[in-house]
Amino acid sequence: MKKKGVYDYIFAGAGASSLQIVKQMLQDKRFKHKSVLILEENSNKTNDRTWCFWEEKSKKDWDPFVRCQWDNITFSSDTAELQESILPYAYKMIRSNAFYTYVYELIAKNENIDLTFEKVASFETQGEIVRVSTGKNTYSGAYFFNSIFDWNAAQQQSKYPVLQQHFVGWFIKTKDDCFDPNTATFMDFSVAQKGNTRFMYVLPLSRNEALIEYTLFSENLLNYAEYEREIRHYLTQKNIRNYNITETEQGSIPMTCYPFSRQNSKRVLHIGSAGGWTKASTGFTFKFIERKATELVAFLSDDCDMRLFEKRNRFWWYDLLFLDVLAQNNHKGSFLFSRMFQRNNPKTILRFLDEKTSFAEEVRIMRSFPVGVFVWQLIRRLMRSLH
Ligand SMILES: Cc1cc2nc3c(=O)[nH]c(=O)nc-3n(C[C@H](O)[C@H](O)[C@H](O)COP(=O)(O)OP(=O)(O)OC[C@H]3O[C@@H](n4cnc5c(N)ncnc54)[C@H](O)[C@@H]3O)c2cc1C
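Residue numbers -14 to 372, in this note's numbering, belong to the letters of the sequence shown in order.
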């Protein structure tokens, strides 16, 4: 219950992270009487994201929202060509609107949660209270969760490289059957690399519908026309000529080990991409948000200190070294991913990217790469941290 005009929790943004946390709070009776305010600037959120992730096929939690799933993946490059089953995992796709609508309906039924469409302008901690201002109103909360991503925080430093996973995707419908609905193209590096890490990502929704996404891991965005030109070229190469574009998607996901958690304070926690919950080496975020949401809901108590929530693990170091290499040699992505897929089982790779492998498995994966690539980066990194 809201006491003296102070919410227990205020969220900035009603995107993947805030809504996953709120959804989990609603399933936990410890939060039954907690008051929550969610401030969102966009009152018309629709299918602004297509979230893909892998998990055990037998897991059913996301099933009501899953639009498609695939048991097989392909990986292609100049040197590697493989198609493999990833069972017991499946690669799954959710269209964001289905998730937003579901959580908004849960919120509407719960009188302790207010969803207000106002843009957060600033916030300030005053003693044990956080004041959140929208210009129009000021709200008070015991804890504040901020999911507003701040590129400046990461870009105004040079210690950690900042790349982006950026892409344009076309949902297309073809006249003839062109796709295998059981197989997702995870990475197709057969496209011209042009000094970067560039690949195509193909997700069939049926035999004649697919999302085709031209994706880069690099520092700077391209002109919109270039992404589209590459998709058109790829379709022609695949002999897919007769199609309609039914929808488009564009995005940029931060890839950096910049420690966003430094911005946290006792009563303020940055969440989602804004909190560094995006896997820096891949841009995958959705399942990490799910995991962090579970940890956070278990962590919260009436007098917890948000500075104690985040813990750095060894995967942060692996990601940092990988990004160091890609930032300096942006053309190397195709080579590195090819080596990894040629020399390791895709299921082990998925567990590694999920940060669930053992140290022994990680050593085996590291041995896929020429020794010099990462050792040299490790030395440079250690030297830098001494200065
Ligand atoms: C197009 C796209 C596709 C993606 N696909 C995948 C994928 O397939 N798999 C995967 O794992 N990850 C994917 N990601 C990465 C990540 O999962 C998403 O970005 C995810 O939505 C991040 O959740 P979040 O809560 O951090 O941010 P968001 O979901 O972006 O939520 C932030 C919210 O804050 C609101 N907001 C912003 N500023 C203000 C303000 N001043 N006041 C109030 N509200 C504000 C925004 O409107 C938004 O609703 C994708 C990202 C994009 C952009």
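From the three backbone atoms N, C-alpha and C, an ideal C-beta is built for every residue, glycine too.
- For K17, no alpha helix (DSSP H) run applies, since DSSP gives it neither H nor E.
- In the three-state reduction of the DSSP assignment, D99 falls in the strand class, which pools E and B.
- When secondary structure is reduced to three states using DSSP, V253 falls in the strand class.
- When the five nearest sequence neighbours on each side are left out, no beta carbon in the same chain lies closer than 6 angstroms to the beta carbon of Y303.
- M172 and F60 have their C-alpha atoms roughly 5 angstroms apart.
- Assigned with DSSP and collapsed to three states, D165 falls in coil, not helix or strand.
- Under the 10 Å beta carbon count, P239 is surrounded by 16 or more other beta carbons and is classified as buried.
- Between the segment 321 to 331 and the segment 284 to 296, the count of Cβ pairs shorter than 8 angstroms is below three; the stretches do not touch.
- For L24, the shortest separation between its Cβ and any heavy atom of ligand 1 lies below 8 angstroms.
- The segment 265 to 282 and the segment 50 to 57 do not touch, with fewer than three beta-carbon pairs separated by less than 8 angstroms.
- Taking every protein chain shown into account, the CB of I230 has fewer than 16 other CB atoms within 10 angstroms, so this residue is exposed.
- Cβ contact annotation for S353 (same chain, cutoff 8 angstroms, sequence separation greater than five): R324, M325, Q327, R328 and N329, in chain order.
- A heavy atom of ligand 1 is found nearer than 8 angstroms to the CB of F269.
- The beta carbon of Q150 lies closer than 6 angstroms to those of F202, I238, M240 and G268 in the same chain, with the five residues before and after it left out.
- According to DSSP, I6 shares a beta bridge with no other residue.
- Cα atoms of N137 and Y243: separation of roughly 11 angstroms, rounded to the nearest angstrom.
- If you draw a straight line from the Cα of S43 to the Cα of P73, it comes to about 8 angstroms.
- Residues L305, L306 and D309 of the same chain have their beta carbon placed closer than 8 angstroms to that of R366, with the five preceding and five following residues left out of the count.
- With a contact defined as Cβ atoms closer than 8 angstroms, L100 and A(-1) qualify at about 6 angstroms.
- Judged by beta-carbon spacing, L220 lies beyond the 9 angstroms limit of I256, meaning their Cβ atoms are not closer than that value.
- For the pair Y89 and W36, the Cα-to-Cα distance works out to about 18 angstroms.
- Taking one beta carbon from each stretch, the segment 179 to 194 and the segment 119 to 139 have fewer than 3 pairs nearer than 8 angstroms; the two do not touch.
- Listed in chain order, the non-local C-beta contacts of F156 below 6 angstroms within the same chain comprise L196, T231 and E232, local neighbours out to five positions each way being set aside.
- Inter-segment contact for the segment 23 to 38 and the segment 98 to 113 is present: three or more beta-carbon pairs are separated by less than 8 angstroms.
- N167 and N57 have their alpha carbons spaced roughly 6 angstroms apart.
- Here the distance from the Cβ of W36 to the nearest heavy atom of ligand 1 is below 8 angstroms.
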